[in-house]
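Residue numbers (our numbering), protein chains in the order written: chain C, 184 to 298; chain V, 55 to 167.
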Amino acid sequence: GAVVSQHPSRVICKSGTSVKIECRSLDFQATTMFWYRQFPKQSLMLMATSNEGSKATYEQGVEKDKFLINHASLTLSTLTVTSAHPEDSSFYICSAGTGTGNTIYFGEGSWLTVV
Amino acid sequence: GQNIDQPTEMTATEGAIVQINCTYQTSGFNGLFWYQQHAGEAPTFLSYNVLDGLEEKGRFSSFLSRSKGYSYLLLKELQMKDSASYLCAVRGWLTGGGNKLTFGTGTQLKVEL
């Protein structure tokens, strides 16, 4: 079964509104989680590193005030897309790992459509 | 920073063998991953290499040469369901440990009859 769960899997929102996506680690605690964005026919682009109990670390070119990340517990990180625009429509996916080795798990992904 | 290159597209025949190459230039290296991704779905883990050499897992094998910054994914006995995007990803170093992956552009594989 899934060890990292995302919700919602699909969401449609109106332009100008905000939408929240949740990422949960189910069987382990994750001090760091990662948020990626993927446009059609492109690869995954890292947006930010979510750090439990502290501020997220954003990749260059990603607006921290637009993509709010909160990692309030060891099993939950949330990504809030604020003042959404149609160009924010994309596949958002999170990942978390238990440590070293190949134990990196991806959530199911969330399709965001802004109309 | 990280720079990871893969061919954009490849086509192969059902039952054949295909090799997908990945070259990388990174400021730090802590493992290389291969993922399979079908359209609209999350990536699925295929293989992991951190030491030089070949890792075999059923129909899939992955090779790594750290000195050359090179990896390949080998798919044997291709099936139609193997048509997907194959992503090469490198894990860099992150203070305190961590699992930050940088992905290549992905290789779209089409398997034909």
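Every residue, glycine too, gets a C-beta built ideally from N, C-alpha and C. Keep in mind that this is a model prediction, so the values were computed, not measured.
For V:Gln-73, the enclosing beta strand (DSSP E) has its first and last residue at 72-80.
Annotation for C:Ser-208: Val-187, Thr-258, Ala-279 place their beta carbon closer than 6 angstroms to its own, counting only its chain and skipping 5 residues before and after.
V:Thr-159 belongs to the set of residues whose beta carbon lies under 7 angstroms from a beta carbon in chain C. Counting C-beta pairs closer than 8 angstroms gives three or more between the region 94-113 of chain V and the region 127-137 of chain V, which meets the contact rule.
Following the DSSP letters along the chain, one finds V:Thr-159 in no beta strand (DSSP E), marked with neither H nor E. Taking the Cα positions, V:Gly-123 is about 43 angstroms away from C:Val-298. If you draw a straight line from the Cα of V:Leu-167 to the Cα of V:Ala-70, it is about 10 angstroms long. Burial of C:Phe-274 is indicated by the presence of at least 16 other C-beta atoms within 10 angstroms of its C-beta. Any Cβ of chain V closer than 7 angstroms to the Cβ of C:Glu-291 would place that residue at the interface, and such an atom is present. For V:Thr-62, the closest of V:Ser-81, V:Thr-80, V:Leu-155, V:Ala-138 by C-alpha to C-alpha distance is V:Ala-138.
Cβ contact annotation for C:Lys-247 (same chain, cutoff 6 angstroms, sequence separation greater than five): Tyr-241, in chain order. Looking from the CA of C:Thr-214, the closest CA among C:Pro-269, C:His-190, C:Ala-255 belongs to C:Ala-255. About 6 angstroms separates the Cβ atoms of C:Cys-277 and C:Met-216, confirming a contact at the 8 angstroms cut-off. Going by C-alpha positions, V:Ala-143 is about 21 angstroms away from V:Gly-112. In chain order, Trp-88, Ser-101, Asn-103, Glu-109, Leu-127 place their CB closer than 6 angstroms to the CB of V:Ser-116, counting only its own chain and leaving out the 5 sequence neighbours on each side. Closest in C-alpha terms to C:Tyr-219, from the list C:Lys-197, C:Thr-281, C:Ser-266, C:Val-245, comes C:Val-245.
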